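A short worksheet on the structure shown next.
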Amino acid sequence: MNELKRMRGVTLMELMIVVVIVGILAGIAYPSYRQHVQRAKRPEAMSVLLQIATEQERYYLNHNTYASSLTALGFASDPYVTQTGSYSVTITAADANTYQATATYQVGDEEASRCGVFSLDAAGNKTSAPQADCWTSNR
1251 MNELKRMRGV
1261 TLMELMIVVV
1271 IVGILAGIAY
1281 PSYRQHVQRA
1291 KRPEAMSVLL
1301 QIATEQERYY
1311 LNHNTYASSL
1321 TALGFASDPY
1331 VTQTGSYSVT
1341 ITAADANTYQ
1351 ATATYQVGDE
1361 EASRCGVFSL
1371 DAAGNKTSAP
1381 QADCWTSNR
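Okay, so the sequence shown: first residue is 1251 according to the working numbering, each after it adds one.
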């Protein structure tokens, strides 16, 4: 009967083993989680650029030229920072015939080296840098 009472508790060594295992699992999972969060922010930049394209066409119908600032299109500021603060969006070029809008990743970490810059122009050309397929892939 005395031996049963001694076996009920958890030793400090067992507790430390569990803490080490949880730490290892967290160390493995965190980088993957961070990449997932970064990829999830890309559609925000794409959405703002597509909204700019719509507003540019509306502006062109009324003024026979494209707007050179985001405030002329109804945005609160120029440059415009997306809701999460991840991308800064500007109109990099605009005249009577064309425009180009660009969204640049602000944090400067691993995501900037993958899909740091998204661009859209009046012809509907969608580009990204440094990787060229960021508009279509979610890697």
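In this text, a Cβ means the ideal position worked out from N, Cα and C, and glycines have one as well.
No experiment lies behind these values; they were computed from the predicted model shown.
{"Asked": "Using only the alpha-carbon positions, how far apart do Gly1366 and Gln1288 sit?", "Found": "11 Å"}
{"Asked": "Val1260 by DSSP, collapsed to three states: which one?", "Found": "coil"}
{"Asked": "Is Ala1351 near Val1339, with beta carbons less than 8 Å apart?", "Found": "yes"}
{"Asked": "In whole angstroms, what is the alpha-carbon distance linking Met1263 and Ala1290?", "Found": "40 Å"}
{"Asked": "Would you mind working out which of Val1270, Thr1377, Thr1332, Leu1370 sits nearest Tyr1349, comparing C-alpha positions?", "Found": "Leu1370"}
{"Asked": "Would you give the residue range spanned by the beta strand (DSSP E) that Asp1371 belongs to?", "Found": "1366-1371"}
{"Asked": "Taking only runs of the beta strand (DSSP E) that begin and end inside the stretch 1260-1308, which ones reach a length of at least 3 residues, in chain order?", "Found": "none"}
{"Asked": "Shortest alpha-carbon distance to Ala1326 belongs to which of Thr1342, Ala1344, Ile1302?", "Found": "Ile1302"}
{"Asked": "Between which two residues does the beta strand (DSSP E) carrying Gln1350 extend?", "Found": "1349-1355"}
{"Asked": "Once you ignore the five residues that flank Arg1364 on each side, which residues in its own chain have a CB closer than 6 Å to its CB?", "Found": "Gln1381"}
{"Asked": "For Ala1326, report the span of its beta strand (DSSP E) as first-last.", "Found": "Careful: Ala1326 lies outside any beta strand (DSSP E) and carries neither H nor E."}
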